[in-house]
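*Asks:* Before we start, here is the structure in question, set down as structure tokens.
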Amino acid sequence: MGDTTDSGSEGLENVLDVVGLLAAGARGNAAGLLDLIARIDGICDRLAAVRMGLLHGADLVREPGLSVAERLHATNRVSRRTARCDARLARDLADRFPVVAEAWLEGRVSAEQARGIVAGLKRLPLSLSPTQLERCQADVVGFADRFDPDELRTVAERMVEVIDPERAEALEADRVERDARVAFMRRSMVVVPDHHGSMIVRGQLPLADGQLFLAQLQALMPSAVSYGLAGEVPDRAARRADALVRWCAMQAGSGRLPAVGGDRPQVVLTLSLRTLTEGLAAAAVLGSGELLPAGEARRLACDAQLVPAVLGGASEVLDVGRARRFFTGGIRAGLVLRDRGCAFPGCDAPPGACEAHHNRPWWAGGATCLSNGVLLCPYHHRLVEPDPGVSERVQWQILMDPDTGLPWFTPPRQVDPERRPRLHHRFVLGGTSPPTPTRVRECATPADLQPSPSWHG
């Protein structure tokens, strides 16, 4: 047995040598390379079918102790999940789906097609007789040259309509009901930091709840045009993530969320005044202990509730001042009436999904007033938030028209070398022209944040 196995292994290695020679001969010929790839895929598929048979055989004769899946994983060449799936598939092919196994071994279906067919057939009612199940296998295999693996899975799932049409509707209803119960039991949502600047969101919802969730995201998903002037057009997945951020911003600003510990849900951010005012690269500390860059901290501080505090050398709290929140009440209402949503040119975010931005930062003496504020969605707020350590010429700037009070956006030179101001299309009127830097509406500088009396000693 050992000599036979050794000679067989040598034969396989010789095949690899031959394939290498064929690849070298076809190099530079696209059609020849693609043909060779197709032949290699066919051979690999058939070898994978042989491997499934070997796995099942090993499972039948294995000695007590580790399972075949565990022994596969012990080689470190496959994950534990893959090893278990392969062992289960080998058992299913031998015990329940021999027709699919034969077609795979003969090369009439690919490895991926075989897996799709089996996945679909396993969703058929268990009440099918062996004869009916064999017919289902043969019928689905017959479609292998017309459908891809995902399509074959769907065909396999619906074979009951052909085998037992009279009971198909009732059986399908039972299956859907069973799937719904399982989906509800498996519902989950995990949100954890990756410790590299992101939060990982992972989970699953029952179909109806998931469709409702998706409908909200679709309604809030920014159009590709919204990103036109930003110098990038994110893919659909990134735009869906921006839609989720919009949704969260709308809920956070609605005031309808239940209180937690007597206060509305909030994110706690701790940072020094120098981080705000001097453009340092120092990070701010979230309540979770994660770090944020100074730029993100400045963006969040534009529309935050601020609590000034004095800390000792060991970061112990010595005194805490009175909370002060910017852009509340009438000022925010005025921003909503004027801007009617994100004011960045091309953006379609509604007012509820926007944050209030100080054109001249409050920590640099900017006032909290209508003529120094503008509504921006989180994406564009991050884009225009000024960085004290970077030249204004390479940053977006906002100028307020002294006549109309509308915000004009001047792009950085890398976006537009001429730095021509832009106005959102919802504000464009005949004869409207951008303001110059010397004609910008200003308002009185606000009083400094007042410390609590005990700060005066």
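Heads up: the sequence shown begins at 77 in our numbering, then just goes up one per residue. Heads up, the beta-carbon is just placed ideally off N, CA and C, and yes, glycines get one too.
Is there contact here, the segment 178–192 with the segment 108–128, by at least three beta-carbon pairs under 8 angstroms?
*Replies:* As far as the Cβ criterion goes, the segment 178–192 touches the segment 108–128, which means the pair count is three or higher.
*Asks:* Can you look up Glu494 in the DSSP assignment and give me helix, strand or coil?
*Replies:* As a first step, residue 494 must be located in the sequence shown, where it is residue number 418. In the structure shown, Glu494 sits in coil (DSSP, three-state: anything other than H, G, I, E or B).
*Asks:* Suppose contacts are defined by Cβ-Cβ distances below 7 angstroms. Is Pro427 in contact with Gly417 by that definition?
*Replies:* On the sequence shown, residue 427 is found 351 positions in, with the first residue counted as 1. On the sequence shown, residue 417 is found 341 positions in, with the first residue counted as 1. Result yes, Cβ atoms of Pro427 and Gly417 sit closer than 7 angstroms.
*Asks:* Using 7 angstroms as the threshold, is the C-beta distance between Leu499 and Gly422 below it?
*Replies:* Indexing the sequence shown from 1 puts residue 499 at position 423. Indexing the sequence shown from 1 puts residue 422 at position 346. Their beta carbons are not under 7 angstroms apart, which means Leu499 does not touch Gly422 by this criterion.
*Asks:* Specify, as a first and last residue, the run of the beta strand (DSSP E) that Glu461 falls within.
*Replies:* As a first step, residue 461 must be located in the sequence shown, where it is residue number 385. Per DSSP, Glu461 belongs to no beta strand (DSSP E) and is neither H nor E.
*Asks:* Buried or exposed for His501, going by 16 or more other Cβ atoms inside 10 Å?
*Replies:* On the sequence shown, position 425 is the one that residue 501 refers to. Burial call: exposed.
*Asks:* In whole angstroms, what is the alpha-carbon distance linking Val301 and Arg316?
*Replies:* Taking the sequence shown and counting its residues from 1, the one referred to as residue 301 is at position 225. Taking the sequence shown and counting its residues from 1, the one referred to as residue 316 is at position 240. Going from the Cα of Val301 to the Cα of Arg316 covers about 15 angstroms.
*Asks:* Please classify Ser186: is it buried, with 16 or more other beta-carbons within 10 angstroms of its beta-carbon, or exposed?
*Replies:* In the sequence shown, counting from the first residue as 1, residue 186 sits at position 110. Flag for Ser186 reads buried.
*Asks:* What are the boundary residues of the beta strand (DSSP E) that Met265 is part of?
*Replies:* The count along the sequence shown starts at 1 and reaches residue 265 at position 189. That run of the beta strand (DSSP E) goes 264–269.
*Asks:* What three-state label does DSSP hand Phe173 in the structure shown?
*Replies:* What you label residue 173 is simply residue 97 of the sequence shown in a count that begins at 1. Phe173: coil per DSSP, three-state reduction.
*Asks:* With a 10 Å radius around its C-beta and 16 neighbouring C-beta atoms as the bar for buried, classify Asp415 as buried or exposed.
*Replies:* What you label residue 415 is simply residue 339 of the sequence shown in a count that begins at 1. Asp415 comes out buried.
*Asks:* Rounded to the nearest angstrom, what separates Arg211 and Val217 at their Cα positions?
*Replies:* Mapped onto the sequence shown, residue 211 falls at position 135. Mapped onto the sequence shown, residue 217 falls at position 141. C-alpha separation (whole angstroms): 10 angstroms.
*Asks:* On the premise that Gly279 lies in contact with Met265, defined as a C-beta separation below 8 angstroms, what is that separation, rounded to the nearest angstrom?
*Replies:* Locating residue 265 in the sequence shown gives position 189, counting from the first residue. Locating residue 279 in the sequence shown gives position 203, counting from the first residue. Contact flag correct, Cβ pair sits at about 4 angstroms.
*Asks:* Helix, strand or coil: how does DSSP classify Ala242 here?
*Replies:* As a position in the sequence shown, residue 242 is number 166, starting the count at 1. At residue 242 the sequence reads Glu, which differs from the Ala that was named. Here Glu242 sits in helix by DSSP.
*Asks:* Quick check: the Cα distance between Pro464 and Arg374, rounded to an integer number of angstroms?
*Replies:* To locate residue 464, count along the sequence shown from 1; it is residue 388. To locate residue 374, count along the sequence shown from 1; it is residue 298. Their Cα atoms are separated by approximately 10 angstroms.
*Asks:* May I have the straight-line CA-CA distance separating Arg257 from Leu281, to the nearest angstrom?
*Replies:* As a position in the sequence shown, residue 257 is number 181, starting the count at 1. As a position in the sequence shown, residue 281 is number 205, starting the count at 1. Rounded to the nearest angstrom, the two C-alpha atoms are 12 angstroms apart.
*Asks:* By how many angstroms is the C-alpha of Ala163 removed from the C-alpha of Gln189?
*Replies:* The residue labelled residue 189 in the question sits at position 113 within the sequence shown. The residue labelled residue 163 in the question sits at position 87 within the sequence shown. About 17 angstroms.
*Asks:* Could I get the ranges of all uninterrupted beta strand (DSSP E) runs contained in the segment 191–254, with 3 residues as the minimum, in chain order?
*Replies:* Qualifying beta strand (DSSP E) stretches: none in this window.
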